[in-house]
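full-length UniProt numbering numbers the first residue of the sequence shown as 1 and each following residue consecutively.
Backbone N, C-alpha and C fix where the C-beta goes; we use that ideal spot for every residue, glycine too.
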Amino acid sequence: MGWQWTKNQEGRILMKIKRMTHRLKLILLTIFIFFLFLFFIVILIIKFLNPYKVVIYNYESYLEKEIITKIKKNYSYRVFKNLDEFTRDIKNKKAVAGVSSDYQIAQLILEDKLKKINFKKAYNIDFNKQNKKEKIYSLYSPEVIKQFEYYNNWIIDQIKKINPQNNKNQTINGSIKPYLYYDKQDTKKIIGFEIDGDEGIDHFYEFLIPYFTLDKVIAYNPQEFDIYKKTRNSIKKNQSFDDIKNGISWFEALSKLTNKYNNPRIYWTNWFLDNAMIGQFYQYSSGDLNQKNNHGNWVLFNKNNYKDSIDNFNKLVIDSTGKSIKDISRNKLVTDGQELVSSIIEPSSKKADIAIMYNGDALDAYYGKDNFESLEEKNNISFIRPNFTYANIDAWIISKDTDQKSSDNLLSKLNEYIFSDIIKSEKEIENTYINNVFQEIIKNLNNEEKKFKNKIFNSLFNSEKNAKNLNEIPVEFFEKNYDAFRNAFSYDNLPNIKNFDTINYTPSYKNIKNFLTKWYFLDNKKQPDLKAISIYDMQTAKNVEFRPYQPLDLELKTKMIEYYYQKTKS
Numbered sequence: 001m002g003w004q005w006t007k008n009q010e011g012r013i014l015m016k017i018k019r020m021t022h023r024l025k026l027i028l029l030t031i032f033i034f035f036l037f038l039f040f041i042v043i044l045i046i047k048f049l050n051p052y053k054v055v056i057y058n059y060e061s062y063l064e065k066e067i068i069t070k071i072k073k074n075y076s077y078r079v080f081k082n083l084d085e086f087t088r089d090i091k092n093k094k095a096v097a098g099v100s101s102d103y104q105i106a107q108l109i110l111e112d113k114l115k116k117i118n119f120k121k122a123y124n125i126d127f128n129k130q131n132k133k134e135k136i137y138s139l140y141s142p143e144v145i146k147q148f149e150y151y152n153n154w155i156i157d158q159i160k161k162i163n164p165q166n167n168k169n170q171t172i173n174g175s176i177k178p179y180l181y182y183d184k185q186d187t188k189k190i191i192g193f194e195i196d197g198d199e200g201i202d203h204f205y206e207f208l209i210p211y212f213t214l215d216k217v218i219a220y221n222p223q224e225f226d227i228y229k230k231t232r233n234s235i236k237k238n239q240s241f242d243d244i245k246n247g248i249s250w251f252e253a254l255s256k257l258t259n260k261y262n263n264p265r266i267y268w269t270n271w272f273l274d275n276a277m278i279g280q281f282y283q284y285s286s287g288d289l290n291q292k293n294n295h296g297n298w299v300l301f302n303k304n305n306y307k308d309s310i311d312n313f314n315k316l317v318i319d320s321t322g323k324s325i326k327d328i329s330r331n332k333l334v335t336d337g338q339e340l341v342s343s344i345i346e347p348s349s350k351k352a353d354i355a356i357m358y359n360g361d362a363l364d365a366y367y368g369k370d371n372f373e374s375l376e377e378k379n380n381i382s383f384i385r386p387n388f389t390y391a392n393i394d395a396w397i398i399s400k401d402t403d404q405k406s407s408d409n410l411l412s413k414l415n416e417y418i419f420s421d422i423i424k425s426e427k428e429i430e431n432t433y434i435n436n437v438f439q440e441i442i443k444n445l446n447n448e449e450k451k452f453k454n455k456i457f458n459s460l461f462n463s464e465k466n467a468k469n470l471n472e473i474p475v476e477f478f479e480k481n482y483d484a485f486r487n488a489f490s491y492d493n494l495p496n497i498k499n500f501d502t503i504n505y506t507p508s509y510k511n512i513k514n515f516l517t518k519w520y521f522l523d524n525k526k527q528p529d530l531k532a533i534s535i536y537d538m539q540t541a542k543n544v545e546f547r548p549y550q551p552l553d554l555e556l557k558t559k560m561i562e563y564y565y566q567k568t569k570s
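So, in structure tokens, the structure goes:
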């Protein structure tokens with residue numbers, strides 16, 4: 001009996017253990033499910049609080065910081081140093097939008113990679129099909145329109161090669177084969193092209209929002225200030241720069257400048273296409289007139305001629321500077337525009353005496369104090385434009401794969417943050433600006449000074465409460481309140497102007513550009529700084545021909561890059 005009782009007791013104990021084990025499993029399973037549920041809730045909250053942000057690209061240091069902060073609230077903002085990074089991500093559908101250059105944009109349009117811009121959202125203007133181009137073009141500066149027409153014609157020429165029969169029913173890799181539209185009344189007149197497959201005739205200008213206008217200059221440091229004479233002191237005795245003038249050749253400019261310095265250092269932009277064009281300029285200036293066709297246009301690079309131009313770039317460097325491009329004791333290839341700016345103005349020895357840079361970077365160097373506190377406010381460099389140079393328009397673009405709602409939302413944000421003032425007339429811009437000046441002055445008045453508020457207002461506005469013209473504002477008043485006039489450029493109600501005040505590249509919009517020419521470059525006596533204006537505005541240059549960059553297909557581009565680095569890499 002005792003043994004039986006023990007067996008029964010053992011069985012009951014085992015049953016209890018099984019029930020406890022089962023209960024424990026249920027408890028552990030419940031805890032696991034709870035924490036798994038909690039984990040997913042946390043993930044959902046994180047995703048809700050930090051939603052996926054589409055990627056927007058821009059060059060480094062190419063947008064005012066407060067504007068970047070605003071953009072980052074809705075988008076992932078990334079910077080690049082090499083434009084090919086952005087172009088590659090557009091093609092691979094990793095980027096939604098960003099800033100590119102006109103010649104790369106033309107190639108992307110031809111490859112059907114871009115979405116048309118809804119200008120009603122981007123510019124907050126109204127138009128119809130008949131007056132769309134006229135309305136849009138009325139906002140742009142003359143150099144932008146000229147450049148856009150060049151690329152529109154370039155695309156037309158490429159379509160003629162791609163589709164010589166102008167067949168409208170063929171496809172390439174799933175997309176329509178581009179074709180041309182001809183005027184019904186004049187069957188020889190081309191009125192546009194078809195690339196995107198959507199309704200309506202396509203034109204180059206419809207795929208981009210111009211941002212800044214750029215051209216290449218030769219900058220040099222004449223070491224006029226004491227700080228440079230103490231820290232650099234590299235100019236030979238009794239040297240004058242009077243013979244360095246716009247319109248002379250690259251060879252003449254560089255050889256004359258090089259001879260003015262002891263152990264001169266020349267910094268070059270390290271971009272294969274820039275330097276291939278400089279090489280072609282040297283070919284032409286050296287007597288090879290075949291570098292231009294019968295219409296006076298530059299012969300485009302192709303697989304048969306690109307090596308000659310790159311070789312001639314190397315030849316120019318040796319002939320004008322006395323040493324090879326590979327000799328870093330004299331010539332340095334630089335990829336970063338900010339390094340070019342710093343090197344030409346830094347109060348230190350063994351920095352650039354001469355630098356080939358964009359005009360916007362030259363203007364930044366001219367106002368060198370923002371970069372080095374010990375420098376003067378302005379006039380830290382001089383510059384010239386050679387007889388032949390090159391220009392481009394940087395612009396905002398949107399990937400074709402972006403849906404219309406997302407595209408419109410982005411364009412509305414860009415309008416708010418950057419472009420809302422570009423549709424204003426010059427007078428409207430002046431009214432807003434002068435009101436900013438007024439607000440800037442009165443915000444710093446003490447109680448005793450506030451009784452002069454009406455007098456201040458009357459110094460800035462006429463009897464109809466419109467801003468006075470520049471010549472109507474007393475010089476004494478302008479000088480006394482000069483800081484207010486300077487600070488008024490940085491108000492949010494003029495975002496394109498605020499952005500320029502930081503970046504210093506030339507805006508692509510006619511009224512913005514004209515306003516800045518009139519107001520931005522004044523000294524405290526209301527006198528314009530003509531040298532700064534000439535850096536800022538390529539239209540002021542005489543005896544200078546500006547060449548657009550050439551769009552390149554992948555095969556030619558790859559060959560040019562490989563040969564360029566083979567010939568220039570140390």
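Classify residue i as helix, strand or coil using the three-state DSSP reduction.
i: Leu-494; result: coil
i: Arg-385; result: coil
i: Val-79; result: strand
i: Tyr-390; result: strand
i: Ser-141; result: coil
i: Ile-354; result: strand
i: Asn-487; result: helix
i: Lys-47; result: Per-residue confidence for Lys-47 stands at a pLDDT of 49, beneath the threshold of 50, marking its modelled position as unreliable; no derived number is given.
i: Arg-232; result: coil
i: Glu-149; result: helix
i: Leu-410; result: helix
i: Tyr-509; result: strand
i: Ser-343; result: helix
So residue i is in the alpha helix (DSSP H); what residue range does that whole segment cover?
i: Ala-219; result: Ala-219 -> not in any alpha helix (DSSP H); beta strand (DSSP E) instead, spanning 209–220.
i: Ala-532; result: 530–536
i: Ile-136; result: 132–137
i: Gly-279; result: 272–285
i: Pro-164; result: Here Pro-164 belongs to no alpha helix (DSSP H), and DSSP marks it neither H nor E.
i: Phe-119; result: 119–122
i: Asn-58; result: Where Asn-58 is concerned, there is no enclosing alpha helix (DSSP H), although the beta strand (DSSP E) it sits in stretches over 55–59.
i: Ala-365; result: 359–366
i: Ser-459; result: 453–460
i: Ala-106; result: 102–110
i: Leu-180; result: Premise fails: Leu-180 lies in the beta strand (DSSP E), 179–182, not in any alpha helix (DSSP H).
Within 10 angstroms of its Cβ, does residue i collect 16 or more other Cβ (buried), or is it exposed?
i: Ile-172; result: exposed
i: Ser-425; result: exposed
i: Asp-523; result: exposed
i: Lys-161; result: exposed
i: Lys-245; result: exposed
i: Ser-138; result: exposed
i: His-203; result: buried
i: Asn-436; result: buried
i: Lys-427; result: exposed
i: Gln-165; result: exposed
i: Asn-462; result: exposed
i: Asp-126; result: exposed
i: Leu-530; result: exposed
Select from the options the residue whose C-alpha is nearest the C-alpha of residue i.
i: Glu-64; options: Tyr-179, Leu-83, Leu-494; result: Leu-494
i: Asn-270; options: Lys-351, Lys-81, Lys-559, Ile-33; result: Lys-81
i: Ile-318; options: Ile-266, Ala-219, Asp-421; result: Ile-266
i: residue 576; options: Leu-36, Lys-53, Ile-325, Tyr-62; result: Shown here, the chain extends from 1 to 570; a query on residue 576 therefore has no answer.
i: Leu-340; options: Ser-348, Gly-322, Lys-256, Asp-361; result: Asp-361
i: Ala-355; options: Lys-260, Ile-381, Phe-546, Gly-192; result: Ile-381
i: Asn-487; options: Ile-535, Tyr-505, Asp-529, Ile-434; result: Ile-434
i: Lys-115; options: Trp-250, Asn-167, Glu-199, Pro-507; result: Glu-199
i: Asn-238; options: Tyr-261, Asn-221, Ile-218; result: Tyr-261
i: Leu-333; options: Asn-409, Leu-214, Tyr-417, Asn-275; result: Asn-275
i: Tyr-57; options: Trp-396, Ser-490, Thr-506, Tyr-505; result: Trp-396
i: Ser-320; options: Phe-372, Asn-259, Phe-272, Lys-405; result: Asn-259
i: Thr-389; options: Phe-281, Ile-561, Asn-415; result: Phe-281
i: Asn-543; options: Gln-223, Pro-386, Phe-37, Lys-518; result: Pro-386
i: Asn-233; options: Leu-208, Asp-370, Gln-223; result: Gln-223
i: Ser-534; options: Val-79, Asn-304, Asp-394, Ala-219; result: Ala-219
With 7 Å set as the bound, which would you pick, yes or no: does the beta-carbon of residue i sit closer than that to a beta-carbon of chain D?
i: Tyr-205; result: The structure shown has no chain D; it contains just one protein chain.
For a test of your reading of the model: does the CB of residue i fall under 6 Å from any non-hydrogen atom of the ligand ADP? Yes or no.
i: Lys-53; result: The ligand ADP is not part of the structure shown, which contains no ligands of any sort.
Start and end of the beta strand (DSSP E) containing residue i?
i: Gly-192; result: 190–194
i: Ile-266; result: 266–269
- Query: Residue ranges of each beta strand (DSSP E) run of no fewer than 3 residues wholly in the segment 307–337, ordered along the chain?
  - Reply: 331–334
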